[in-house]
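K.L.:
For the sequence shown, our numbering assigns the number 171 to the initial residue and increments by one for each residue that follows.
Ideal Cβ positions, reconstructed from N, Cα and C, are used throughout, including at glycine.
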Amino acid sequence: MVFLFDDLALCNNKYSRMKFGKTIKIFLIDGDPNGRMSCELSNWTGKAFKIPRIKIKDCVDRPEIKNPGIYFLFGKNEIGKDIIYIGEAETVYSRLLQHLNQKDFWNEAIIFISKDENLNKAHIKYLENKLYEIAKQVNRYHIDNTTVPTLSSISESDRAEMEEFLENVKLLVSTLGHKAFDTKRETSSIKPKDVFYLKGPRGADAHGLPTSDGFLVLKGSKAAESTTPSIASNLVKLRSKIIDQGAIILKKGYFEFPDDFIFSSASAAASIVLGRNANGLSEWKFQSGKTLKDFETNDAINEV
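#1: Histidine 312 bridges to which residues according to DSSP?
#2: What distance in whole Å lies between the Cβ atoms of histidine 312 and phenylalanine 244, which are believed to be in contact at a cut-off of 8 Å?
#3: Give the secondary structure of alanine 448 by DSSP, where H, G and I count as helix, E and B as strand, and everything else as coil.
#4: Just list the residues that DSSP pairs proline 203 with in beta bridges.
#5: Rounding to the nearest angstrom, what Cα-Cα distance links serine 354 and serine 382 in this structure?
#6: Taking DSSP's pairing of strands, which residues face serine 284 in a bridge?
#7: Taking 8 Å as the threshold (C-beta atoms), are threonine 261 and lysine 295 in contact?
#8: Apart from the five residues on each side of it in sequence, which residues of its chain come closer than 6 Å, Cβ to Cβ, to proline 238?
#9: For alanine 259, which residues does DSSP report across the bridge?
#10: Buried or exposed: phenylalanine 431, going by 16 or more other Cβ atoms within 10 Å of its Cβ?
#11: So, helix, strand or coil for histidine 269, using DSSP?
#12: Which residues mark the beginning and the end of the alpha helix (DSSP H) in which alanine 330 is found?
#13: Isoleucine 401 to isoleucine 442, Cα distance in whole Å?
#14: Going by the beta-carbon positions, is the gap between glycine 423 and glycine 390 smaller than 8 Å?
#15: Measuring only the C-alpha atoms, how far is leucine 462 from phenylalanine 456?
#16: Which residue marks the beginning of the beta strand (DSSP E) containing isoleucine 412, and which one marks its end?
#17: Give me whichever residues DSSP pairs with cysteine 209 in a beta bridge.
#18: Can you give me the start and stop residues for the beta strand (DSSP E) that tyrosine 424 sits inside?
#19: Beta-carbon separation of arginine 256 and alanine 305 under 8 Å?
#20: Is aspartate 375 helix, strand or coil when you go by DSSP?
#21: Just verifying my parser: in three-state terms, what is the DSSP assignment at lysine 392?
#22: Considering only residues of the same chain and omitting the five flanking positions on each side of arginine 223, which have a CB-CB separation below 8 Å?
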């Protein structure tokens, strides 16, 4: 089995987020947590709006989103895969009205504009291209764009400003509930001693680690070719779903993960890998034999 610990292109400095405290101000425009909201960072000229599809027409009262900006449309496909469309417009509100007639997959939009009206066409085209490329490499969401956005040519000083704008966009999109631009691996390097292993019959041979999203099974891991008769029905459905999504691909005698894949829990990951009902807390182990349960509980208790 080939361990791909050095396959970390997605976690290089180009796409990493600066780690320092941030103050975020969220305003519920309609006084409803399910309605429209605006979002601002302290000491930043950008501003975000999160708007449900059914509220787009109500935004005639928001003159800011009639300015140039970038926007994202979020939804899911018929098998539950997250979808994103990345766009730019010189009049964002008008473009969103067009999308109400042109695209039906989305149920929510997130918009970014500049409070000082400092974004021009070249700026937003630059941002659109960069965000498209990041989303493509991160590979969390299916991208609905049919063409690759054009990268505009801007000055060195403008590029520096847009790179800062870009980092804040990524931060706020994640804060507002979408991790389309967040790498699946949360550290820039993965050492073998930090990785949990799982091996079983029918070709199962996987490695992974816990993350803030759930349990990450690493690229190159192998899952059992078949399942046991006693496996729970919900796990059968999950297995079928990830096969349909292409998250695991059938090889000779096993299924392979062509990319990192995040499961909601260690037990879900273990069950899919082993092809049977499994308790991930006891099944996933370090090379030393220490279980995930011991790692999460006993070590913490000993530190108290």
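P.N.:
Straight from the coordinates:
#1: Ile253
#2: Actually they are not in contact, since the Cβ atoms of phenylalanine 244 and histidine 312 sit about 11 Å apart, beyond 8 Å.
#3: coil
#4: In DSSP, proline 203 forms no bridge with anything.
#5: First, the residue type needs correcting, since residue 354 is lysine and not serine in the sequence shown. Answer to the nearest angstrom: the Cα atoms are 10 Å apart.
#6: Gly216
#7: no
#8: Glu260, Leu289, Ile294
#9: Gly239
#10: buried
#11: helix
#12: 326 to 345
#13: 10 Å
#14: no
#15: 8 Å
#16: Premise fails: isoleucine 412 lies in the alpha helix (DSSP H), 403 to 414, not in any beta strand (DSSP E).
#17: Ile196, Ala218
#18: Unbroken run through tyrosine 424: none, as it is neither H nor E.
#19: Note that residue 256 is isoleucine in the sequence shown here, rather than arginine. Yes. Within cutoff.
#20: strand
#21: strand
#22: Leu270, Trp276, Asn277, Glu278, Ala279
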